[in-house]
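A.B. asks:
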Amino acid sequence: MRSAQRAGRRNGGLLAAAVLGLALSGLAAGCSSTPAYCTDASQLKTSVQDLGNTDVAQNGLSSLQAALSKVQADAKTFAADAKSAFPSQTTALNTALSGLQTAITSAKGQPPVTAATAVASSVAQVKNSASNLQNAISNNCQ
800 MRSAQRAGRR NGGLLAAAVL GLALSGLAAG CSSTPAYCTD ASQLKTSVQD
850 LGNTDVAQNG LSSLQAALSK VQADAKTFAA DAKSAFPSQT TALNTALSGL
900 QTAITSAKGQ PPVTAATAVA SSVAQVKNSA SNLQNAISNN CQ
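Mapping to the working numbering: the sequence shown position 30 is 829, numbers consecutive.
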């Protein structure tokens with residue numbers, strides 16, 4: 800009877816060790832995974848950089864409008880995944896994007912250099928808002 804009790808204790812100890820090992824590996828896996836929005840954030844960062852590199856004076860407002868459309872699409876995708884985690888930053892970015900759209904609309908028909916000057920501060924606002932968003936998520940997306 801005693802050997803049966805020892806075998807039961809040994810098996811129970813092995814079972815407890817196995818459960819503990821699985822629990823710890825599950826915690827480690829949970830800590831090492833990155834949120835789904837990190838890929839979206841990376842794409843958004845690239846499209847914002849492209850927006851900032853658009854030469855309106857040389858290529859006209861249509862080039863800026865195309866770059867803005869890409870940023871808007873990427874921001875929408877990001878917000879769908881992460882808006883609840885970063886509501887103030889996504890709202891600020893969307894406000895800046897709306898402001899840039901308004902600036903582009905207002906600058907239509909102006910000479911390219913004048914149009915470039917007219918939209919420059921709105922582009923800077925978008926870049927600033929996107930930078931604030933990237934800073935906010937930086938600890939979650941590494």
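Every residue gets a Cβ at the ideal spot worked out from N, C-alpha and C, and that includes glycine.
With Ala917 and Ala902 assumed to form a contact (beta carbons below 8 Å), what rounded beta-carbon distance in angstroms separates them?
C.D. replies: Correct: roughly 6 Å between the Cβ atoms.
A.B. asks: Go to Pro834, then tell me how far its alpha helix (DSSP H) extends in each direction, as first and last residue.
C.D. replies: Unbroken run through Pro834: none, as it is neither H nor E.
A.B. asks: Given Gln900, which residues of its chain have a CB within under 7 Å of its CB, disregarding the five upstream and five downstream residues?
C.D. replies: Same-chain partners within the cutoff: Leu867.
A.B. asks: Which same chain residues, not among the five before or five after Ala874, have their C-beta less than 7 Å away from its C-beta?
C.D. replies: These residues qualify, in order along the chain: Leu843, Leu892, Asn893, Leu896.
A.B. asks: Taking only three categories from DSSP, how would you classify Leu823?
C.D. replies: In this prediction, Leu823 has a pLDDT of 38, which is less than 50 and means its spatial position is unreliable; what the coordinates show is noted afterwards. Leu823 falls in the helix class under three-state DSSP.
A.B. asks: Applying the criterion that 16 or more other CB atoms from any shown protein chain within 10 Å of the CB defines a buried residue, is Ser920 buried or exposed?
C.D. replies: Classification for Ser920: exposed.
A.B. asks: Are at least three pairs of beta-carbons, each pair with one atom in the stretch 853 to 866 and one in the stretch 831 to 839, less than 8 Å apart?
C.D. replies: Because the criterion of three Cβ pairs below 8 Å is not met, the stretch 853 to 866 and the stretch 831 to 839 do not touch.
A.B. asks: Between Gln924 and Gln871, what straight-line distance do the alpha-carbon atoms span, to the nearest angstrom?
C.D. replies: C-alpha separation (whole angstroms): 14 Å.
A.B. asks: What does the alpha-carbon distance come out to for the pair Thr913 and Asn939?
C.D. replies: Cα to Cα, Thr913 sits roughly 41 Å from Asn939.
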